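> Have a look at this one.
There are 2 protein chains.
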Amino acid sequence: MRETGQSAVRPPVMEDVAKVAGVSHQTVSRVLNNNPNVSPGTRERVEQAIAQLGYRRNSAARSLVTRQSQTIGVLAAEMSEYGPASTLLAVERAARDAGYFVSIAGLREVTKAGIAEAVRHFQDQAVDGIVVLVPHPVTSAALKELKLQVPVVIAGAVGEQGLSGVAVDQQLGAQLAVEHLIELGHTRIGHLSGPQAWIDGAQRIVGWRKALLAAGLKDDLLRHGDWTAATAYEVGLELATARSATAIFAGNDQMALGLLRAFHETGVRVPEDISIIGFDDQPDSEYYSPPLTTVSQPFTELGKQCIEVLLDELNGAEHGVSRVVEPRLVVRKTTVPPQSTIN
Amino acid sequence: MRETGQSAVRPPVMEDVAKVAGVSHQTVSRVLNNNPNVSPGTRERVEQAIAQLGYRRNSAARSLVTRQSQTIGVLAAEMSEYGPASTLLAVERAARDAGYFVSIAGLREVTKAGIAEAVRHFQDQAVDGIVVLVPHPVTSAALKELKLQVPVVIAGAVGEQGLSGVAVDQQLGAQLAVEHLIELGHTRIGHLSGPQAWIDGAQRIVGWRKALLAAGLKDDLLRHGDWTAATAYEVGLELATARSATAIFAGNDQMALGLLRAFHETGVRVPEDISIIGFDDQPDSEYYSPPLTTVSQPFTELGKQCIEVLLDELNGAEHGVSRVVEPRLVVRKTTVPPQSTIN
DNA sequence: AAGTGTAATGTTAGCGCTAACGCACTGGCA
DNA sequence: TGCCAGTGCGTTAGCGCTAACATTACACTT
Numbered sequence: 003m004r005e006t007g008q009s010a011v012r013p014p015v016m017e018d019v020a021k022v023a024g025v026s027h028q029t030v031s032r033v034l035n036n037n038p039n040v041s042p043g044t045r046e047r048v049e050q051a052i053a054q055l056g057y058r059r060n061s062a063a064r065s066l067v068t069r070q071s072q073t074i075g076v077l078a079a080e081m082s083e084y085g086p087a088s089t090l091l092a093v094e095r096a097a098r099d100a101g102y103f104v105s106i107a108g109l110r111e112v113t114k115a116g117i118a119e120a121v122r123h124f125q126d127q128a129v130d131g132i133v134v135l136v137p138h139p140v141t142s143a144a145l146k147e148l149k150l151q152v153p154v155v156i157a158g159a160v161g162e163q164g165l166s167g168v169a170v171d172q173q174l175g176a177q178l179a180v181e182h183l184i185e186l187g188h189t190r191i192g193h194l195s196g197p198q199a200w201i202d203g204a205q206r207i208v209g210w211r212k213a214l215l216a217a218g219l220k221d222d223l224l225r226h227g228d229w230t231a232a233t234a235y236e237v238g239l240e241l242a243t244a245r246s247a248t249a250i251f252a253g254n255d256q257m258a259l260g261l262l263r264a265f266h267e268t269g270v271r272v273p274e275d276i277s278i279i280g281f282d283d284q285p286d287s288e289y290y291s292p293p294l295t296t297v298s299q300p301f302t303e304l305g306k307q308c309i310e311v312l313l314d315e316l317n318g319a320e321h322g323v324s325r326v327v328e329p330r331l332v333v334r335k336t337t338v339p340p341q342s343t344i345n
Numbered sequence: 003m004r005e006t007g008q009s010a011v012r013p014p015v016m017e018d019v020a021k022v023a024g025v026s027h028q029t030v031s032r033v034l035n036n037n038p039n040v041s042p043g044t045r046e047r048v049e050q051a052i053a054q055l056g057y058r059r060n061s062a063a064r065s066l067v068t069r070q071s072q073t074i075g076v077l078a079a080e081m082s083e084y085g086p087a088s089t090l091l092a093v094e095r096a097a098r099d100a101g102y103f104v105s106i107a108g109l110r111e112v113t114k115a116g117i118a119e120a121v122r123h124f125q126d127q128a129v130d131g132i133v134v135l136v137p138h139p140v141t142s143a144a145l146k147e148l149k150l151q152v153p154v155v156i157a158g159a160v161g162e163q164g165l166s167g168v169a170v171d172q173q174l175g176a177q178l179a180v181e182h183l184i185e186l187g188h189t190r191i192g193h194l195s196g197p198q199a200w201i202d203g204a205q206r207i208v209g210w211r212k213a214l215l216a217a218g219l220k221d222d223l224l225r226h227g228d229w230t231a232a233t234a235y236e237v238g239l240e241l242a243t244a245r246s247a248t249a250i251f252a253g254n255d256q257m258a259l260g261l262l263r264a265f266h267e268t269g270v271r272v273p274e275d276i277s278i279i280g281f282d283d284q285p286d287s288e289y290y291s292p293p294l295t296t297v298s299q300p301f302t303e304l305g306k307q308c309i310e311v312l313l314d315e316l317n318g319a320e321h322g323v324s325r326v327v328e329p330r331l332v333v334r335k336t337t338v339p340p341q342s343t344i345n
């Protein structure tokens with residue numbers, strides 16, 4: 003009944019290719035899997051048949067027998083932020099180039115339960131590996147507890163719980179920023195940090211402090227923010243009155259923007275009265291008024307390396323690898339030598 | 003040999019559940035698929051066995067026989083921009099809530115070849131439907147040519163080539179912006195547009211023009227940009243000299259930012275000397291100096307509705323549906339009545 | 001001449017699931 | 001009483017692929 007010859011409806015399967023090429027379906031499989039035991043002539047004929055029929059291997063059938071899905075799960079939080087989004091982009095690209103599918107799951111809440119739910123989603127899909135874009139301590143802990151059977155790489159957290167990780171050196175970035183300020187002659191350098199609960203936020207505080215102490219300066223000007231421009235703006239309003247620092251290292255560009263607005267509104271001139279340096283180098287920061295001096299993070303490189311590590315582990319390399327990539331100082335217009343010495 | 007009783011290695015399969023519950027594997031399947039012909043008692047026992055063993059259905063096997071992968075492909079370009087990223091987030095959430103996996107593919111280049119490649123990727127994965135986050139005319143054309151066998155929904159383009167689409171009403175948004183300026187008393191209203199090659203860019207030009215003509219004003223102050231702050235900055239430098247407009251509608255917030263910097267550097271005061279209004283309402287725009295009046299796009303709603311339409315089509319609803327969601331004016335500090343009348 | 005290895009292919013079984021069918025058992029109705 | 005239509009299950013046959021084994025042909029040894 004349904005033996006109506008051509009594949010008007012049903013896409014061609016291996017057997018169809020085999021028939022056209024005059025071989026068995028297994029030989030077609032061998033050609034597809036680059037098995038060496040196929041004569042050049044046969045390989046040629048099979049490849050022609052594949053091209054002629056427009057054959058594409060059924061990945062569900064393949065997954066069923068190989069127990070590999072050829073897909074990598076990416077667990078992301080804050081996906082609409084510049085950093086995570088850029089990393090995701092790079093991860094997707096590298097994974098697809100390596101022949102993998104990329105499945106995403108946005109984290110609903112940064113809790114163990116939220117992570118467990120997302121991981122279960124990936125398990126249902128039988129992903130071959132997971133890249134995690136949630137640099138938060140609870141992530142590594144939750145992941146460890148779940149005892150995953152597949153390799154996991156965390157972007158932004160290295161050496162956590164024996165899990166593999168690739169991270170931008172946040173301490174170095176903070177030191178670069180602070181040292182730049184010190185070289186300009188600043189001695190009263192404050193830090194408006196990100197939340198300490200996030201690894202990046204905590205590490206930047208450490209770097210800021212290290213650079214200060216190494217130069218014999220005091221680390222007493224620390225305020226905590228929450229990555230948002232809104233909170234930074236509020237803090238900026240207070241800082242405008244206090245004027246205890248001649249330079250401020252903001253935990254990210256958004257907070258620097260909030261500071262910029264607060265100072266602009268209160269008549270505190272940047273950089274003449276106070277220098278500001280951000281972190282991330284998101285595309286807009288070059289067009290703030292004035293253009294923001296900041297620390298550039300290599301998000302693309304970060305994403306690429308996450309996949310490199312993951313693929314290595316998929317090919318049997320040992321787990322628990324750590325890699326670090328370096329941020330870079332970008333000097334623009336918000337940092338100059340201190341004009342007056344207010345103490 | 004490998005009959006070592008428990009599932010120390012191999013995860014449980016349907017047969018294992020069946021054995022524990024004392025039924026056939028088919029009955030387990032029936033319970034899982036909510037087949038009504040299962041007695042309450044049996045259903046209960048099966049569900050207990052499932053819980054006890056921690057059984058999870060193998061999706062590859064299921065896909066193989068049902069020819070459905072339970073996954074939705076999302077084709078995205080500019081994934082690191084705020085709008086697309088937010089939409090992606092909403093799409094992912096809605097899809098996962100509906101029990102689907104979400105696979106992404108970033109578009110390498112906005113050309114027919116690039117789209118064809120990404121679509122092939124999705125076909126290999128046998129996705130059940132595709133959401134496209136590339137509001138570019140070439141997208142719909144390429145998609146149409148490919149004669150996809152699965153439903154497709156384009157975010158940001160409605161009524162194109164008979165394909166389904168959900169879009170924010172860009173014309174309305176532009177009109178809202180321009181009418182706001184007109185109400186304030188402006189008569190010389192320029193537009194720094196996005197690329198006309200993008201649907202959004204073109205539609206905003208149309209809306210700007212419509213509002214102007216409806217009020218009896220001239221539509222002669224049009225400049226083309228490319229969404230970037232960099233180009234907008236260059237244009238802004240020229241505009242600062244020309245001073246032909248008392249208000250400028252920027253095609254997006256980033257371009258508004260570029261303008262802001264150019265005017266700031268050249269001593270043109272915003273909003274006293276010139277009013278500026280943006281488009282998108284990206285989170286930072288509230289903290290520009292001064293805070294930007296702009297048009298807010300409901301990206302989350304957009305993403306949600308894309309999945310709604312897609313699911314409807316997956317359930318047999320007709321294809322080629324169009325839905326429109328509305329943007330909203332957000333008045334902040336960059337727009338005031340014209341202070342002097344320069345012509 | 002018989003034996004041995006190996007390259008190139010074919011044949012068979014089965015991955016875990018659903019669809020289709022089969023078969024008891026019930027209850028309602030003529 | 002007999003018939004029929006459900007209900008609640010079990011049994012069987014694949015989905016399209018790869019892994020494992022079987023088979024052939026031929027070169028090369030002893």
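Taken in order, these protein sequences are the chains called A and B.
Residue 3 is where the first sequence starts when you use this note's numbering, and the numbers rise one by one after that.
Residue 3 is where the second sequence starts when you use this note's numbering, and the numbers rise one by one after that.
All C-beta atoms in this analysis are idealised placements derived from N, C-alpha and C, irrespective of residue type, glycine included.
This one's a predicted model, so the numbers in the text were calculated from it and none came from an experiment.
Let me see if you follow: with CB-CB separation under 8 Å, is Val-332 of chain B close to chain A or not?
Output row for Val-332 of chain B: interface = no.
> Give the single residue among B:Gln-172, B:Gly-175 and B:Phe-124 whose Cα lies nearest to the Cα of Leu-150 of chain B.
The residue with the shortest Cα to Cα distance from Leu-150 of chain B is B:Phe-124.
> Comparing C-alpha positions only, which one of A:Ser-277, A:Val-76 and A:Gly-167 sits nearest to Ile-117 of chain A?
Among A:Ser-277, A:Val-76 and A:Gly-167, the Cα nearest to that of Ile-117 of chain A belongs to A:Val-76.
> At which residues does the beta strand (DSSP E) containing Gly-108 of chain B begin and terminate?
Segment 103-108, the beta strand (DSSP E) holding Gly-108 of chain B.
> Within 8 Å (strictly less), CB to CB, does Ala-10 of chain B reach chain A?
Legend: pLDDT at Ala-10 of chain B = 43, less than 50; position of this residue unreliable, value from coordinates given subsequently. Judged by the 8 Å Cβ criterion, Ala-10 of chain B is not in contact with chain A.
> In chain order, which continuous runs of the beta strand (DSSP E) of length 3 or greater are located wholly inside the segment 274-326 of chain B?
List check, beta strand (DSSP E) in window: 277-279 and 296-298.
> Measure how close the beta-carbons of Gln-163 of chain A and Ala-143 of chain A come, nearest whole angstrom, since I'm counting them as under 8 Å.
7 Å between Cβ atoms; contact.
> For Ser-31 of chain A, does the three-state DSSP call read helix, strand or coil?
In this structure, Ser-31 of chain A counts as helix in the three-state DSSP scheme.
> Can you name the residues of chain A whose CB is closer than 9 Å to the CB of Arg-95 of chain B?
Those within 9 Å of Arg-95 of chain B in chain A are Gly-108 and Arg-110.
> Less than 7 Å between the CB of Asn-35 of chain A and some heavy atom of the ligand GTP, yes or no?
The ligand GTP is not part of this structure, which contains no ligands at all.
> Give the list of continuous beta strand (DSSP E) stretches no shorter than 3 residues that lie fully inside the segment 110-190 of chain A.
Those beta strand (DSSP E) runs which fall completely within the segment 110-190 of chain A and span 3+ residues are 131-135, 154-157 and 166-170.
> Could you pull the start and end residues of the alpha helix (DSSP H) that Val-237 of chain B belongs to?
Run containing Val-237 of chain B: 231-244, per the alpha helix (DSSP H) assignment.
> How many angstroms separate the CA atom of Ala-100 of chain A from the CA atom of Thr-73 of chain A?
The straight-line gap from Cα to Cα measures roughly 10 Å.
> Between Val-136 of chain B and Pro-300 of chain B, how many whole angstroms is the CB-CB distance? I'm expecting something under 8 Å.
Contact flag wrong, Cβ pair sits at about 19 Å.
> Where do the N-terminal and C-terminal ends of the beta strand (DSSP E) with Arg-225 of chain A fall, by residue?
Per DSSP, Arg-225 of chain A belongs to the beta strand (DSSP E) from 224-226.
> Measuring CB atoms only, is the segment 219-226 of chain B touching the segment 191-204 of chain B, in the sense that at least three cross pairs come out at less than 8 Å?
Enough Cβ pairs lie closer than 8 Å, so yes.
> For Arg-4 of chain B, which of helix, strand or coil comes out of DSSP?
Any reading at Arg-4 of chain B needs caution, since the residue's pLDDT is 33, under 50, leaving its predicted position unreliable; the model's value is listed next. Arg-4 of chain B falls in the coil class under three-state DSSP.
> Looking only at its chain, what residues have a beta carbon closer than 6 Å to the beta carbon of Ala-204 of chain B, apart from the 5 residues adjacent to it on each side?
The residues are Gln-198.
> So, helix, strand or coil for Ala-79 of chain B, using DSSP?
Note: Ala-79 of chain B maps to coil in three-state DSSP.
> I need the boundaries of the alpha helix (DSSP H) containing Ala-62 of chain A, first residue and last residue.
Residues 61-68.
> Nearest by alpha-carbon distance to Glu-303 of chain B: which of B:Val-326, B:Ala-107, B:Tyr-290 and B:Pro-293 is it?
It is B:Val-326 whose Cα lies nearest to the Cα of Glu-303 of chain B.
> Can a CB atom of chain B be found closer than 8 Å to the CB of Val-15 of chain A?
Chain B contact via Cβ: absent.
> Straight-line CA distance for Val-133 of chain A to Val-112 of chain A?
If I take the Cα positions, the gap works out to 16 Å.
> With a 10 Å radius around its C-beta and 16 neighbouring C-beta atoms as the bar for buried, classify Ser-291 of chain A as buried or exposed.
By the neighbour-count rule (16 or more Cβ atoms within 10 Å), Ser-291 of chain A is buried.
> Taking Ala-23 of chain B as part of the alpha helix (DSSP H), name the residues at either end of that continuous run.
Run containing Ala-23 of chain B: 16-23, per the alpha helix (DSSP H) assignment.
> In chain order, what residues of the same chain have a beta carbon less than 6 Å from the beta carbon of Thr-268 of chain A, not counting five sequence neighbours either side?
Answer for Thr-268 of chain A: Ala-242, listed in chain order.
> So, helix, strand or coil for Ala-199 of chain A, using DSSP?
Correct three-state label for Ala-199 of chain A: coil.
> Measuring CB atoms only, is the segment 83-102 of chain B touching the segment 304-317 of chain B, in the sense that at least three cross pairs come out at less than 8 Å?
These segments touch.
> Using the Cβ count rule (16 or more neighbours within 10 Å means buried), how would you classify Asp-283 of chain B?
Buried is the call here.
> Determine the closest residue to Asn-254 of chain B out of B:Trp-200, B:Ala-213, B:Arg-245 and B:Thr-248, with distance taken between C-alpha atoms.
Measuring from the Cα of Asn-254 of chain B, the nearest candidate turns out to be B:Trp-200.
> For Gly-322 of chain A, which residues of its own chain have a beta-carbon under 8 Å away from its beta-carbon, when the five flanking residues on both sides are left out?
Gly-164, Leu-165 and Ser-166.
> Does the segment 204-221 of chain A come close enough to the segment 232-246 of chain A that 3 or more CB-CB pairs lie under 8 Å?
With the cut-off at 8 Å, the segment 232-246 of chain A and the segment 204-221 of chain A do not touch.
> According to DSSP, what are the bridge partners of His-193 of chain A?
Its beta-bridge partners are A:Leu-224 and A:Phe-251.
> If we cut at 8 Å on Cβ distances, does Gly-203 of chain B have a partner in chain A?
No - not a single Cβ of chain A is within 8 Å of the one on Gly-203 of chain B.
> How would you list, in chain order, the residues of chain B whose beta-carbon sits under 7 Å from the beta-carbon of His-266 of chain A?
Neighbours of His-266 of chain A on chain B, chain order: Ser-291.
> Determine, using beta-carbon pairs with one atom in the segment 47-58 of chain A and one in the segment 40-52 of chain B, whether at least three such pairs fall under 8 Å.
Contact between the segment 47-58 of chain A and the segment 40-52 of chain B is absent, because fewer than three Cβ pairs lie under 8 Å.
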